[in-house]
Amino acid sequence: MPTLDIALGASDRQQLRHLARRTWVFFEQIVGPDDHWLPPDHFQEKPRGVVAHRTSPTNLGLLLLSTLAAYDLGYINPLDLALRLSATFDGMDQLERY
54 MPTLDIALGA SDRQQLRHLA RRTWVFFEQI VGPDDHWLPP DHFQEKPRGV
104 VAHRTSPTNL GLLLLSTLAA YDLGYINPLD LALRLSATFD GMDQLERY
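Residue numbers (this note's numbering): 54 to 151.
Laid out in structure tokens, this is it:
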């Protein structure tokens, strides 16, 4: 399948970088040891910040991709990348399987 090479303007690149940073900040703040380094299935901002302490395959995939993108974009260093991915995979190993 052929690829498309489309040049983005400076404004589009800035908007995309801003969105990437906001996405990473969400995962950086919400994913941690309390939930075995697994992303929540749902976060309700209003009326108060409520986290659903369950996850889904889609959210796991997005977390893994966001973590790699955070490294690629320079938001985290190689050690943080390795520690976060290792902790997430360890958390996934603890999940029940059907």
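For every residue, glycine included, the Cβ atom is placed at its ideal position computed from N, Cα and C.
This structure is a prediction, so every number in the text was calculated from the model and none was measured.
Beta-carbon gap between residue i and residue j smaller than 8 Å
| i | j | result |
| --- | --- | --- |
| residue 77 | residue 119 | yes |
| residue 90 | residue 137 | yes |
| residue 124 | residue 117 | no |
Pick from the options that is closest to residue i, judged by C-alpha positions
| i | options | result |
| --- | --- | --- |
| residue 95 | 61, 83, 87 | 83 |
| residue 86 | 141, 122, 56 | 141 |
| residue 115 | 125, 135, 92, 129 | 92 |
| residue 79 | 62, 59, 128, 146 | 128 |
| residue 81 | 121, 100, 57 | 121 |
Per-residue DSSP class, three states only, for residue i
| i | result |
| --- | --- |
| residue 71 | helix |
| residue 104 | strand |
Does the pairing of the region 107 to 117 with the region 59 to 75 give three or more beta-carbon distances under 8 Å?
-> no
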